[in-house]
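First residue of the sequence shown? That's 1 in UniProt numbering, and the numbers climb one at a time after it. C-beta: ideal position from N, C-alpha, C; glycine also. Below: one structure, written as structure tokens.
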Amino acid sequence: MPKYKLNKESIEPRIAYQLVQDEMLDEGNARLNLATFCQTYMEPEAVKLMTQTLEKNAIDKSEYPRTTEIENRCVNMIADLWHAPNNEKFMGTSTIGSSEACMLGGMAMKFAWRKRAEKLGLDIQAKKPNLVISSGYQVCWEKFCVYWDVELREVPMDEKHMSINLDTVMDYVDEYTIGIVGIMGITYTGRYDDIKGLNDLVEAHNKQTDYKVYIHVDAASGGFYAPFTEPDLVWDFQLKNVISINSSGHKYGLVYPGVGWVLWRDQQYLPEELVFKVSYL
């Protein structure tokens with residue numbers, strides 16, 4: 001059979017199955033997977049539900065309203081877990097992973113910054129907008145900055161600062177800063193950024209300028225971990241300048257790859273032009 005072209009004749013399903021299975025014989029054992037932090041076991045009932053719904057195109061909200069309702073209930077559960085304020089209108093969505101969730105969170109920050117900057121009369125074409133983050137970031141943030149033409153401003157980590165350096169982070173902020181990313185679970189060190197300390201710095205900054213800056217929390221690992229292991233740790237929507245949070249469902253969310261989540265504390269932080277309504281799906 002050709003390796004890189006379609007076979008001219010069909011083959012029996014059992015043969016196709018065996019060929020693909022044999023192709024994967026020398027792959028790693030998923031149950032021994034630690035390095036990529038992915039969930040490798042689910043209960044049989046969960047697997048059964050997945051196999052029974054594989055043919056559904058979940059994005060077709062009108063065709064599968066109960067699937068949509070389940071997603072919305074998950075968003076509400078996560079919003080409650082992350083202490084979304086009752087007096088604000090939170091929003092959220094599922095994604096294929098925390099990387100996509102970071103992209104959406106970053107886009108929302110950029111669009112919201114642009115609106116604020118234009119309202120204040122800032123020349124947004126004078127230079128690139130920028131994003132401030134510790135040098136321990138996950139590569140999806142570098143991709144975001146490349147894809148959406150944003151300057152990545154790295155706050156260096158060192159032996160004395162194994163998470164974001166609160167002594168220097170605000171030195172990287174200016175009127176072109178779309179936001180600061182705090183990380184709950186740094187890949188290289190396992191540490192959490194001090195989100196509460198960062199929030200205090202941002203609060204002081206925002207009181208002194210019209211060019212406000214806000215925080216997105218990349219909680220890919222910590223979002224479904226910290227609330228249970230350190231319930232008294234304040235890092236989420238309890239902090240007024242944390243406007244969005246993402247997390248990975250297939251890490252400590254305890255489901256197979258791939259699913260992620262991103263939530264905004266209020267509708268104002270997800271610009272309307274990023275929300276689409278269509279009639280054909």
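Asked: TYR192 CB to nearest heavy atom of the ligand FMN below 8 Å; Found: The ligand FMN is absent from the structure shown, which contains no ligand whatsoever.
Asked: Bridge partner(s) assigned by DSSP for SER94; Found: TRP261
Asked: Residue burial classification, GLN18 (beta-carbon count within 10 angstroms, cutoff 16); Found: exposed
Asked: THR177, DSSP secondary structure in three states; Found: strand
Asked: Cβ separation of ILE178 and VAL202, assumed to be a contact under 8 Å, to the nearest whole Å; Found: In fact, because the Cβ distance is near 13 Å, the residues do not count as touching under 8 Å.
Asked: Distance, ILE164 Cα to PHE224 Cα; Found: 21 Å
Asked: Secondary structure of ASP80, DSSP reduced to three states; Found: helix
Asked: DSSP-derived helix/strand/coil call for LEU274; Found: helix
Asked: Of the listed residues TYR188, VAL139, LYS143 and ASP174, nearest to GLU159 (C-alpha basis); Found: TYR188
Asked: Where ILE195 falls: helix, strand or coil (DSSP); Found: helix
Asked: Nearest residue (CA-CA) to VAL132, options ILE15, TRP261, LEU34 and TYR214; Found: TYR214
Asked: Neighbourhood of HIS205 by C-beta distance below 7 Å, restricted to the same chain and skipping five residues each side; Found: MET170, VAL173 and VAL213
Asked: Endpoints, beta strand (DSSP E) assigned at VAL146; Found: Segment 139–147 is the alpha helix (DSSP H) holding VAL146; no beta strand (DSSP E) there.
Asked: Cβ-Cβ separation, ASN246 to ALA219 (assumed contact under 8 Å), whole Å; Found: 6 Å
Asked: Segment limits, alpha helix (DSSP H) that includes VAL20; Found: 13–23
Asked: Range of the contiguous beta strand (DSSP E) that encloses LEU152; Found: 151–155
Asked: Distance, CYS102 Cα to LEU34 Cα; Found: 22 Å
Asked: Three-state secondary structure assigned by DSSP to ASP171; Found: helix
Asked: Any 3 or more C-beta pairs closer than 8 Å across the region 122–138 and the region 230–244; Found: no
Asked: Cutoff 9 Å: PHE90 Cβ touching any chain B Cβ; Found: Reference to chain B is not applicable here, since this structure consists of a single protein chain.
Asked: Status (buried if at least 16 other CB within 10 Å, exposed otherwise) for GLY28; Found: exposed
Asked: Extent of the continuous alpha helix (DSSP H) to which VAL213 belongs; Found: Looking at the DSSP string, VAL213 is not in any alpha helix (DSSP H), and its letter there is neither H nor E.
Asked: Closest Cα partner of VAL262 within the set SER99, PRO85 and LYS61; Found: SER99
Asked: Residues sharing a beta bridge with SER134, DSSP; Found: VAL155
Asked: Opening and closing residue of the beta strand (DSSP E) in which VAL255 lies; Found: Premise fails: VAL255 is in no beta strand (DSSP E) and is neither H nor E.
Asked: Residue nearest to TYR211 in terms of C-alpha spacing, selected from ASP200, LEU32 and GLU118; Found: GLU118
Asked: Close Cβ partners of LYS251 (< 6 Å) along its chain, the five nearest in sequence each way excluded; Found: PHE37 and SER221
Asked: Given 8 Å, three or more beta-carbon pairs between the region 84–92 and the region 51–70; Found: no
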